[in-house]
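All remarks here apply to the structure that follows.
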Amino acid sequence: MLVTIGVCGLKYNWFGKSVVRTCYCGVRHKFGDKNMTINSIRFDLSNWLIHFFRDIDFESDNSVPYVEHMGWGNVTEDTHYSALFMLRCAIRSGRLWATWSYRNGARTIYGPDPAVCFTEMPIAAFIESGEARHQRGEAMSPFALIFPKNDMFIAGANPVIYGLDDKNYWLPSGQGGRARIIDSNVLPEREQYRYVTYNPTARVPIDWSHEREWRWPYRADYSMVEEEIKEYGLIEEIMDIPGLDFYQERISDIGVVVRNEEQGKRIAHDILVLVDRGDIAKNTFGFILISDELPNGERFVYPEDTQNAISASLIDLTPFFSHNKNELHLLVEEFSTLVMQVESESSPPEDGTYGGCWLWVLDNTSLLVRALIEEHRIIVTESGKYLVNLFEFSDSRSLEQREEMTRKLARLVKNKYGVECGYFSVDNSDDPNELPFYNSDHLDNNLHYNVSWEY
């Protein structure tokens with residue numbers, strides 16, 4: 069029997085006492101308890117954990133530490149970073165920061181270990197809630213990464229503990245940002261990262277249970293972060309803040325939530341950089357969900373309504389890796405003819421500076437770029453630039469000559485294929501990751517450049 073259910077669009081086949089689950093992303097998982105799985109088929113349950121991002125104001129008491137350098141292609145300005153910017157930084161770095169999650173200057177994470185937070189809200193409910201809370205100025209947004217819950221449990225994440233059995237225990241205040249360590253007789257230190265205050269009968273009720281939170285603890289030494297902040301007042305590099313390196317966990321079919329298709333294209337670009345450079349597998353990410361294309365939440369009465377709406381709002385990454393190879397080969401031959409045209413029309417070789425020069429192409433989703441990758445004509449640098457080797461240019465030409473020829477080629481490629489491109493060169497080296505390098509100006513290109521002020 070085949071049943072389609074849930075916000076993740078799962079399909080279940082019953083085979084005796086076992087169950088094979090197939091997601092819309094094609095992953096099949098086997099479970100042993102048929103009744104338990106049947107009871108999980110409810111629109112208010114989810115097989116995913118969501119890590120959402122929020123706008124950051126580094127001057128706020130609720131902020132994470134200020135980071136001076138956010139990594140390749142990440143351009144910052146002022147002290148306000150958008151949730152979209154932070155999402156792209158996480159995808160590019162493969163890390164979710166472990167923090168103490170400060171609120172009004174006090175830690176909300178108890179115990180000796182900082183943590184990464186998630187919610188197991190159904191995807192549709194999260195999108196509706198995230199947008200509404202963002203509009204109210206709360207620390208939430210609909211920008212998120214979505215992870216399979218089982219994989220995150222294996223990685224070490226657990227559901228939080230709401231409240232304590234000992235109702236008379238006086239919790240540490242954590243004033244001044246101090247550690248909030250609960251007496252180990254009340255709750256073992258190793259489990260304290262999971263504790264969330266719960267008191268619905270207080271004069272000002274405290275109830276965060278609607279967030280259905282999970283947390284992943286960072287167990288290693290965190291003191292170097294606090295020492296760097298104490299000495300310099302900031303963090304120098306994005307990777308200086310430890311956390312969950314989710315690419316190292318070999319998780320597959322991760323999802324991404326953004327508002328619109330333009331933002332989705334930027335996310336697809338970032339994912340393709342990682343795949344094309346060999347940093348992650350093709351199945352690490354499974355889908356990009358465009359929240360603006362979903363109907364209003366009240367229409368999600370039945371599980372299949374949610375599944376159909378979400379499936380219709382996806383950007384599928386599979387087509388980027390499944391073009392016709394003969395078509396790609398012919399396209400590269402056509403491109404090579406264009407390069408030879410520039411070579412033949414140029415003046416004789418001249419003496420000058422030695423160095424490498426490449427055509428920098430900025431849209432890695434374009435058919436031309438996919439073809440050049442298939443034919444091994446492209447290098448993806450450490451900074452995420454796609455550089456085309458121009459074998460047709462004479463090696464006896466100076467770097468200055470080849471730079472000018474590459475500028476001309478860039479104009480021809482833009483006119484013929486509609487792909488933004490320019491030159492990239494390195495003095496006295498054929499290694500594109502060396503310094504100093506020079507390139508044409510594409511600072512307005514929001515595929516390569518992730519800027520902190522765009523929402």
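Numbering (this note's numbering), first residue to last: 69 to 523. The C-beta atom is built at its ideal place from N, Cα and C for all residues, glycine as well. All figures in this text were calculated on a predicted structure; none of them were measured in a lab.
{"Query": "Given ALA192 as reference, the closest of SER379, TYR523, LEU396 and HIS391 once Cα atoms are compared", "Result": "SER379"}
{"Query": "Distance, SER320 Cα to LEU529 Cα", "Result": "This structure gives no information on residue 529, because the portion of the chain shown stretches from 69 to 523."}
{"Query": "For ASN218, the three-state DSSP class (helix, strand or coil)", "Result": "helix"}
{"Query": "Within 8 Å, strictly: CB atoms of ASN226 and TRP282", "Result": "yes"}
{"Query": "Exposure of GLU188, with buried meaning 16 or more beta-carbon neighbours within 10 Å", "Result": "buried"}
{"Query": "Segment contact, 8 Å Cβ cut-off, at least three pairs: the stretch 452-462 with the stretch 417-435", "Result": "yes"}
{"Query": "Minimum Cβ-Cβ distance from LEU232 to chain B less than 8 Å", "Result": "Included in the structure is just one protein chain, with no chain B present."}
{"Query": "Pick from THR449, THR352, LEU503 and ARG280 that is closest to ILE229, judged by C-alpha positions", "Result": "ARG280"}
{"Query": "N- and C-terminal bounds of the beta strand (DSSP E) containing LEU503", "Result": "Careful: LEU503 lies outside any beta strand (DSSP E) and carries neither H nor E."}
{"Query": "Helix, strand or coil at ALA200 [DSSP, three-state]", "Result": "helix"}
{"Query": "Endpoints, the alpha helix (DSSP H) within which GLU295 is located", "Result": "291-300"}
{"Query": "Classification of SER277 by the beta-carbon crowding that lies within 10 angstroms, buried from 16 upward", "Result": "exposed"}
{"Query": "Cα-Cα separation between VAL481 and THR386, rounded to whole angstroms", "Result": "26 Å"}
{"Query": "Same chain, Cβ closer than 8 Å to ASP384, neighbours up to 5 away in sequence not counted", "Result": "PHE355"}
{"Query": "Cβ shell of LEU503 (< 7 Å), same chain only, five flanking positions each side left out", "Result": "none"}
{"Query": "Residue nearest to SER114 in terms of C-alpha spacing, selected from THR144, PRO190, GLU136 and TYR134", "Result": "PRO190"}
{"Query": "Distance between beta carbons of GLY311 and TRP165, contact taken as under 8 Å", "Result": "4 Å"}
{"Query": "Test item: CB-CB of PRO256 and ILE249 under 8 Å", "Result": "no"}
{"Query": "Between the CA atoms of VAL254 and PRO268 - distance to the nearest angstrom", "Result": "20 Å"}
{"Query": "Element boundaries [alpha helix (DSSP H), containing ASP181]", "Result": "Segment: none, ASP181 is in no alpha helix (DSSP H) and carries neither H nor E."}
{"Query": "Inter-residue spacing [alpha-carbon to alpha-carbon] between SER197 and ALA212", "Result": "12 Å"}
{"Query": "Segment contact, 8 Å Cβ cut-off, at least three pairs: the stretch 490-498 with the stretch 468-476", "Result": "yes"}
{"Query": "Buried versus exposed, by CB contacts within 10 Å (16 or more), ASP123", "Result": "buried"}
{"Query": "Contact under 8 Å by Cβ, LEU357 with LEU382", "Result": "yes"}
{"Query": "Bounding residues of the alpha helix (DSSP H) (the contiguous stretch that carries GLY332)", "Result": "329-344"}
{"Query": "Inter-residue spacing [alpha-carbon to alpha-carbon] between VAL135 and TYR300", "Result": "11 Å"}
{"Query": "Coarse secondary structure for TYR523, derived from DSSP in three states", "Result": "coil"}
{"Query": "Buried or exposed (CB count within 10 angstroms, at least 16 for buried), SER209", "Result": "buried"}
{"Query": "Distance between GLY162 and GLU294 (C-alpha atoms, nearest Å)", "Result": "22 Å"}
{"Query": "Enclosing alpha helix (DSSP H) for PHE153 [first to last residue]", "Result": "151-161"}
{"Query": "Which residues DSSP lists as bridging TRP171, in chain order", "Result": "A small correction: the amino acid at residue 171 is Arg; Trp does not occupy that position in the sequence shown. Note: ARG171 sits in a beta bridge opposite ALA174."}
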